[in-house]
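What follows is a set of notes on a single structure, which appears directly below.
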Amino acid sequence: EVEKWLKRAEDLSLDLSMVSYGCLVDACAKASSAQLALRALQRAKDAKLQPNAMTYNAAMDACAKCGNFAQAQEIFTTMQDQQMVTMESVTSLVRASSRAKRPWQESEALLCNTQHSVASLPGADLRLLNC
Numbered sequence: 019e020v021e022k023w024l025k026r027a028e029d030l031s032l033d034l035s036m037v038s039y040g041c042l043v044d045a046c047a048k049a050s051s052a053q054l055a056l057r058a059l060q061r062a063k064d065a066k067l068q069p070n071a072m073t074y075n076a077a078m079d080a081c082a083k084c085g086n087f088a089q090a091q092e093i094f095t096t097m098q099d100q101q102m103v104t105m106e107s108v109t110s111l112v113r114a115s116s117r118a119k120r121p122w123q124e125s126e127a128l129l130c131n132t133q134h135s136v137a138s139l140p141g142a143d144l145r146l147l148n149c
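Just so we're aligned: the sequence shown equals residues 19 to 149 in the numbering used here.
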């Protein structure tokens, strides 16, 4: 359906905004379709639009639901590079790690490795971690 919708918008020469693409990515995430979410995210980038944190988080959620930890980690790294990490981003990354059946120690290590991105976020308290 996503491809059909994007094709129809293209056929009608509609200029889609980042909000439109964000909604598509979010819908794909809710349908647990990481592949379609990532495709919609890429189409937004191809259209020279800058994804926002909400769009990246939705894509990471789609990856988490499918246990695609490597892709979620790649998105998180992009967010770090662009200084857009949110607590939701961290939660999505840990969720992806968990759903990929990685040991809890790896999730803890992820949080420790992302401390510099996480420490300044509202509500972040890393004192319980064994970093």
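No residue lacks a Cβ here, since even glycine has one placed at the ideal position from N, Cα and C.
Separation of Ser107 and Glu28 (C-alpha to C-alpha, rounded to the nearest whole angstrom) is 31 angstroms. When secondary structure is reduced to three states using DSSP, Val103 falls in the coil class, being assigned neither helix nor strand. Look at Gly85 here: in three-state DSSP terms it is coil, with no helix or strand label. Between the C-alpha atoms of Trp23 and Cys130 there is a straight-line separation of about 41 angstroms.
In this structure, DSSP gives Ser35 a state outside helix and strand, which the three-state scheme calls coil. In the DSSP annotation of this structure, Gln68 is not part of any alpha helix (DSSP H), being labelled neither H nor E. Judged by DSSP in its simplified three-state form, Leu56 adopts helix. When the five nearest sequence neighbours on each side are left out, no beta carbon in the same chain lies closer than 6 angstroms to the beta carbon of Glu21.
Closest in C-alpha terms to Ala71, from the list Ala118, Ser115 and Tyr39, comes Tyr39.
Gln100 and Asp33 have their C-alpha atoms spaced approximately 25 angstroms apart.
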